[in-house]
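Engineer:
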Amino acid sequence: MNQTQALRWPLAGEGPTVVALGLGGDRRLLLGVELAATLLTHPFAIAGFAALRPHLPYAARAVVVESVVALGEGALFWRVGGRPPGRARGASAAANAASYLSGLALRTWVL
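Using my numbering, you'd call the opening residue of the sequence shown number 57 and step up by one each time.
Structure representation (C-alpha cells):
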C-alpha cells in the first residue's frame with residue numbers, strides 16, 4: 057500500500073469522527089483542520105513506523121506513532137481550530153484510535 061492509498065482511510069474516517077464528537081463551532085473549519093492535520097502528520101507516521109521497525113514490535117510502534125500523531129493533531133485543533141485544549145486532544149485521540157482500529161480491521165479481514 058502506498059502513501060496515497062494509506063491516506064484514504066484516515067481522511068474518510070477522522071473528519072466525520074471529530075465532527076460527530078461535538079467539538080462545536082464551525083464544522084467546515086473543523087473538517088479543514090482535520091484534513092490539514094492528516095496531510096501534515098500522515099507522512100511522519102509512515103516514516104516513524106519504518107524508522108522504529110528495527111527497534112520495536114508492531115504494537116509498540118503503533119502506540120508510539122499514533123500517540124505522537126494524536127498530540128500533533130490535537131495541537132492543531134486547539135491552536136488553529138480554536139477548540140479547548142482538553143477537548144482538542146481528546147477528539148484527536150478518539151479520531152486516531154477509531155481510524156487506526158478500523159484500518160487494522162480492514163487490513164486484517166479484507167485486504
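Note that CB positions come from ideal geometry on N, CA and C, so glycine has one too.
For the candidate residues E70, Y156, L132 and G71, whose alpha-carbon lies nearest to that of Y114?
Structural biologist: Numbered from 1 along the sequence shown, position 58 holds the residue referred to as residue 114. When each option's Cα is compared against that of Y114, the closest is Y156.
Engineer: On the criterion of 16 or more Cβ atoms from any shown chain inside 10 Å, does W134 qualify as buried, or is it exposed?
Structural biologist: In the sequence shown, counting from the first residue as 1, residue 134 sits at position 78. Buried is the call here.
Engineer: Starting from L160 and walking both ways along the alpha helix (DSSP H), at which residues does that stretch end?
Structural biologist: Along the sequence shown, read from residue 1 onward, the residue named residue 160 stands at position 104. Note, L160: alpha helix (DSSP H), P141 to W165.
Engineer: Among the candidates L95, R83 and I102, whose CA atom is the shortest distance from the CA of V129?
Structural biologist: For the purposes of this step, residue 129 is taken as the residue at position 73 of the sequence shown. Checking the sequence, you will find Glu at residue 129 rather than Val. It is L95.
Engineer: Let me make sure I understand the geometry here. Which of T97, D82, A93 and V121 has the alpha-carbon closest to that of A106?
Structural biologist: Reading the sequence shown from its first residue, position 50 is the one you call residue 106. Of T97, D82, A93 and V121, the residue nearest in Cα terms is V121.
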